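Colleague:
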Amino acid sequence: MTCLKFLGLELNSVTIEARLPLNKLTYLWEALLEWETCRHCNLRDLQGIIGYLEFCIQVIPHSHTFIHSLINFSMTFPSSFSLRHMPPYTHTDIQWWLSCLQAWNGIQILDPLKPMLHMYTDASSTKGLGGIFGDEWFSTRCPG
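The sequence shown begins at 14 in our numbering and counts up one residue at a time.
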């Protein structure tokens, strides 16, 4: 089996992909459409959409930048139930999310593991420096 559902995401080990399942992608689209027309909100509702966007950030490329205005706005509420007017900059971020979802295919290509290189070095204040890389070594004198 190459596709695994893990913590609400679908991971494919053969194609090295992570994706949001269709039901979560649909829920995100519908929620953002509601927030697009929203002019006022309370802190609890705002925290709810921020939490869902934080979940989606794991898979949606470059999206982390477009949540900060919502987080900053959430810090201006005096209480959880107070109603606040949503400033224009919050709608700009919501517009970015909507335009991203229209163009994005729902898949994030994961970076393959990079090979691990081990290099060991040491230096002396009187002799110089040296190191080992695999089966190779090097050394040099440093003018003191």
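All residues carry an ideal CB built from backbone N, CA and C; glycine is no exception.
None of the values given here were measured: they were computed from a predicted structure.
Residue 63 lies in the alpha helix (DSSP H); which residues open and close that run?
Modeller: Run containing residue 63: 56-70, per the alpha helix (DSSP H) assignment.
Colleague: Thinking just about the alpha-carbon of each residue, which of 33, 130, 154 is nearest to the one in residue 147?
Modeller: Here the closest residue by C-alpha is 130.
Colleague: Helix, strand or coil for residue 90 per DSSP?
Modeller: In this structure, residue 90 counts as coil in the three-state DSSP scheme.
Colleague: Excluding the 5 residues preceding and the 5 following residue 105 in the sequence, name in chain order all residues of the same chain whose CB lies nearer than 8 Å to its CB.
Modeller: Counting only Cβ-Cβ distances below 8 Å, and skipping sequence neighbours, we find 82.
Colleague: Run through the DSSP bridge pairs and tell me what residue 137 is partnered with.
Modeller: Paired residues: 141.
Colleague: Does the stretch 95-103 touch the stretch 64-78, meaning 3 or more C-beta pairs lie closer than 8 Å?
Modeller: Touching, no, given that fewer than three Cβ pairs across the two stretches are closer than 8 Å.
Colleague: Do you know offhand how far residue 28's Cα is from residue 41's?
Modeller: So the alpha carbons of these two residues sit roughly 24 Å apart.
Colleague: Nearest by alpha-carbon distance to residue 38: which of 109, 115, 30 is it?
Modeller: It is 115 whose Cα lies nearest to the Cα of residue 38.
Colleague: To the nearest angstrom, how far is it from the Cα of residue 43 to the Cα of residue 57?
Modeller: So the two alpha carbons sit approximately 18 Å from each other.
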